[in-house]
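Undergrad: Let me begin by handing over the structure; questions about it come next.
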Amino acid sequence: MSAVADPPGDTGAARVAALVRELGVTTRTELVERSGLTRRVVDQRVGRLAELGLVIEDGLAESRGGRAPRALRFDASAGLVGVVEVGGSAVRAGLADLAGTLLAHRTLPIDLPAGPEAALDVAAAAVAALAAGHGGAGLWAIGVGMGGPVDAARGRTSAIPLLPRWAGIDVRGPLTGRFDVPVYVDNEVNAIALGEIAAGAAVGDTDLLYVNLDHGIGAGVVIDGRLCRGAAGAAGELAHVRVVDADPPPCWCGGAGCLVQVAGGAVLDGADVDAVLRAAELTGRALANVVAITNPAHVVVGGPTARRDHVVETIEATLRRYAMPAAVRDLRFSPAALPGTGGLVGAGVLALANLFSVPVLGQWVDDGSPRGAAGRIHRQPLA
Ligand SMILES: [Zn+2]
Numbered sequence: 389m390s391a392v393a394d395p396p397g398d399t400g401a402a403r404v405a406a407l408v409r410e411l412g413v414t415t416r417t418e419l420v421e422r423s424g425l426t427r428r429v430v431d432q433r434v435g436r437l438a439e440l441g442l443v444i445e446d447g448l449a450e451s452r453g454g455r456a457p458r459a460l461r462f463d464a465s466a467g468l469v470g471v472v473e474v475g476g477s478a479v480r481a482g483l484a485d486l487a488g489t490l491l492a493h494r495t496l497p498i499d500l501p502a503g504p505e506a507a508l509d510v511a512a513a514a515v516a517a518l519a520a521g522h523g524g525a526g527l528w529a530i531g532v533g534m535g536g537p538v539d540a541a542r543g544r545t546s547a548i549p550l551l552p553r554w555a556g557i558d559v560r561g562p563l564t565g566r567f568d569v570p571v572y573v574d575n576e577v578n579a580i581a582l583g584e585i586a587a588g589a590a591v592g593d594t595d596l597l598y599v600n601l602d603h604g605i606g607a608g609v610v611i612d613g614r615l616c617r618g619a620a621g622a623a624g625e626l627a628h629v630r631v632v633d634a635d636p637p638p639c640w641c642g643g644a645g646c647l648v649q650v651a652g653g654a655v656l657d658g659a660d661v662d663a664v665l666r667a668a669e670l671t672g673r674a675l676a677n678v679v680a681i682t683n684p685a686h687v688v689v690g691g692p693t694a695r696r697d698h699v700v701e702t703i704e705a706t707l708r709r710y711a712m713p714a715a716v717r718d719l720r721f722s723p724a725a726l727p728g729t730g731g732l733v734g735a736g737v738l739a740l741a742n743l744f745s746v747p748v749l750g751q752w753v754d755d756g757s758p759r760g761a762a763g764r765i766h767r768q769p770l771a
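In my numbering, the protein residues as written are 389 to 771.
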C-alpha cells in the first residue's frame with residue numbers, strides 16, 4: 389500500500405496513472421497542474437508508478453524557463469489486453485497493448501451455429517495462445533464484442549429474445565474464471581463504433597452514428613462522447629425496424645417486415661444488384677429517422693454488405709433525401725476504415741477505458757496489475 393492514505397477508489401496514484409496514460413508524455417509539473425495534487429504527493433506517486441513499471445522516466449521535456457524537466461512516459465507495454473469479437477458472421481481474437489494498439493489478431497475457424505458459448509471457448513483459447521506466444525507482459529484485462537443485445541453492466545448477453553440461442557449468456561464469468569482478470573463486454577457494433585473513434589474513420593468524434601451491415605444490421609450510437617446502450621442493451625437494433633408495409637413477411641423476432649428480412653447479409657448472399665441497392669435504400673430511409681432523433685455529426689457505414697458496389701453511396705443519397713434537411717446539412721458520411729479489425733480495436737478501448745478509469749485504478753494500482761482483482765473491479769460502475 390502507498391504511504392499516504394487516500395479515499396477508496398480515488399487514490400492520488402490512480403489520478404496520476406490515469407493522467408499519464410491520457411497525456412502519453414508529461415512532466416511532474418504538468419501532473420501537479422492537471423491533478424490538483426501537491427508536488428510532494430505527485431513525486432511520491434510517480435515514484436511508486438515507476439517502481440510498478442507503469443511510468444518510465446524518459447529523457448528531458450522542453451524547458452519553460454530554467455532547467456529542463458524530466459519527461460514521464462506511460463509504458464503501454466507493461467500489460468496486455470485480450471480482445472474478442474463474436475459477431476454476426478465471424479469470430480475473431482487478438483491482443484492489444486495498454487495504449488489500445490492491436491498487436492496481433494486472427495479470424496477463427498468456427499461455425500457460429502455451434503452457439504456463442506462454443507465460439508467464446510475457441511476465442512479464449514486463441515487469446516491464451518497469443519498471450520503465451522507474446523511472452524513478457526501478462527494479460528491485464530479482456531474486452532469482448534458480442535452480437536445482439538448485451539447487458540454491459542453484468543457482462544452477459546441481454547435476456548431479451550431477439551436471438552433466442554444468444555440470450556442470457558454469461559460472458560464475463562467463464563473468462564474471468566479462466567484468466568483471473570477483469571472482463572468487459574459490449575455489443576459488437578458498439579465495439580466497432582468505439583474502434584472507429586479510436587483509430588478509424590471517426591477519430592475524435594463525440595456524436596457518431598456507426599451502422600454495421602452484416603447478417604444483422606446494427607447501429608452504434610455515440611452521443612456527447614458516450615455510448616447509448618438503452619434500457620435492455622438493445623439500442624441501435626436497426627435490424628428489426630419495420631420497413632415493409634405491404635404483406636410484410638413474419639420475422640423470427642415476433643414482428644414482420646423487418647429491415648433484416650430484406651437487407652440482412654443472409655438475404656443478400658447471391659442477390660442481384662437491384663436487390664442490393666433496394667436494400668441500401670431501405671437502410672438509408674431507416675437511418676433518416678435515427679438521424680432525426682440522435683443528430684450525429686458523422687455517419688460511418690461498415691460491415692460486409694457495405695463493401696459491395698454502390699451500397700455506401702446509395703445509403704448516403706437516400707439518407708440525405710429523406711432526412712430533415714437541417715439535420716444533414718453539415719453531416720459527414722464515410723465508409724468504415726477498419727474492416728475486420730474495428731470490433732477488436734473497440735473491445736480493447738472498452739476494456740482500457742474501464743481499467744484506467746480512476747475508480748478502477750484505485751482498486752489495483754497499488755498492486756501493480758489488475759490480475760486477481762476482478763471481483764473488486766467488477767463492482768465499479770462502467771466508465
Ligand atoms: Zn424482426
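All C-beta atoms, glycine included, are put in the ideal place defined by N, C-alpha and C. For clarity, every value in this text was computed on a predicted model and none was experimentally measured.
Count the other CB atoms, across all protein chains shown, that sit within 10 Å of the CB of H603; report buried if there are 16 or more and exposed otherwise.
TA: With 16 or more other Cβ atoms from the protein chains shown falling within 10 Å of its own Cβ, H603 counts as buried.
Undergrad: Going by beta carbon distance, what residues of the same chain come within less than 6 Å of V599, once the five residues before and after it are set aside?
TA: A607 and V689
Undergrad: Less than 7 Å between C-beta atoms, sequence neighbours within five positions excluded: which residues of the same chain meet that for A613?
TA: What sits at residue 613 in the sequence shown is Gly, not Ala. For G613, where only same-chain residues beyond five positions count, the Cβ hits under 7 Å are T594.
Undergrad: I'd like the span of the alpha helix (DSSP H) that includes G521, first residue to last.
TA: P504 to H522
Undergrad: DSSP state of R542, grouped into three classes?
TA: In the structure shown, R542 sits in coil (DSSP, three-state: anything other than H, G, I, E or B).
Undergrad: Please work out which residues of its chain come closer than 7 Å, Cβ to Cβ, to W554, disregarding the five sequence neighbours upstream and downstream, and give them in chain order.
TA: P504, G535, G536 and T545
Undergrad: Which residues in the same chain have their Cβ closer than 8 Å to the Cβ of P395, if we skip the five residues on either side of it in sequence?
TA: Low confidence applies to P395: its pLDDT is 45, below 50, so where it sits in the model is not reliable, and the reading given next is rough at best. Excluding positions up to five away in sequence, the list is empty.
Undergrad: In whole angstroms, what separates the C-alpha of N742 from that of T415?
TA: 24 Å
Undergrad: Let me know the secondary structure DSSP gives T693 once reduced to three states.
TA: Residue state for T693 is assigned as helix, using DSSP reduced to three classes.
Undergrad: Going straight from the alpha carbon of V480 to that of H493, what length do you get?
TA: Here residue 480 is Arg; the residue named in the question, Val, does not match the sequence. One C-alpha to the other measures close to 7 Å.
Undergrad: Is any heavy atom of ligand 1 found at a distance shorter than 7 Å from the C-beta of C641?
TA: Yes.
Undergrad: How about L440 and G756: do their beta carbons lie closer than 8 Å?
TA: yes
Undergrad: Going by DSSP in three states, V408 sits in which element: helix, strand or coil?
TA: helix
Undergrad: Are there three or more Cβ pairs, one per stretch, closer than 8 Å when the stretch 512 to 528 is compared with the stretch 572 to 589?
TA: no
Undergrad: Using the Cα positions of T417 and I444, report the straight-line distance between them to the nearest angstrom.
TA: 16 Å
Undergrad: At 4 residues or longer, and completely inside the stretch 414 to 496: list those alpha helix (DSSP H) runs for me, N to C.
TA: 416 to 423 and 427 to 440
Undergrad: For A659, which residues from the same chain have a beta carbon less than 8 Å from its beta carbon, with the 5 sequence-adjacent residues on both sides left out?
TA: A667
Undergrad: DSSP three-state label for L707, please.
TA: helix
Undergrad: Given the structure, does H603 come close to ligand 1, in the sense that its CB is under 7 Å from one of the ligand's heavy atoms?
TA: False, no ligand heavy atom lies under 7 Å from that Cβ.
Undergrad: In chain order, which continuous runs of the alpha helix (DSSP H) of length 4 or greater are located wholly inside the stretch 719 to 766?
TA: 730 to 743, 746 to 752 and 762 to 766
Undergrad: Quick one: what does DSSP say H603 is sitting in, helix, strand or coil?
TA: coil
Undergrad: For Q768, which residues of its own chain have a beta-carbon under 6 Å away from its beta-carbon, when the five flanking residues on both sides are left out?
TA: P747 and V748
Undergrad: Would the C-beta of C646 count as close to ligand 1, meaning under 7 Å from any of its heavy atoms?
TA: yes
Undergrad: Out of L550, G543, N578 and A590, state which residue places its alpha-carbon closest to the alpha-carbon of G561.
TA: Of the candidates L550, G543, N578 and A590, the residue whose Cα lies closest to the Cα of G561 is G543.
Undergrad: Measure the alpha-carbon distance for I611 versus A739 and round it to whole angstroms.
TA: 20 Å
Undergrad: Counting beta carbon pairs with one atom in the stretch 482 to 489 and one in the stretch 422 to 437, are three or more of them shorter than 8 Å?
TA: no
Undergrad: Hey, how far is the Cα of P552 from the Cα of G475?
TA: If I take the Cα positions, the gap works out to 15 Å.
Undergrad: Mind checking if A668 is an interface residue toward chain C, Cβ cutoff 8 Å exclusive?
TA: In summary, chain C is missing from the structure at hand, where a single protein chain is found.
Undergrad: Buried or exposed: where does T729 fall if 16 or more other Cβ atoms within 10 Å of its Cβ makes it buried?
TA: buried
Undergrad: Who are the Cβ neighbours of R720 in its own chain at under 8 Å, not counting the five residues just before and after it?
TA: A685, H686 and V687
Undergrad: Taking 7 Å as the cut-off, is the beta-carbon of H628 closer than that to any non-hydrogen atom of ligand 2?
TA: Ligands in the displayed structure: ligand 1; ligand 2 is not one of them.
Undergrad: Looking at T682: is its Cβ nearer than 8 Å to the Cβ of L647?
TA: no
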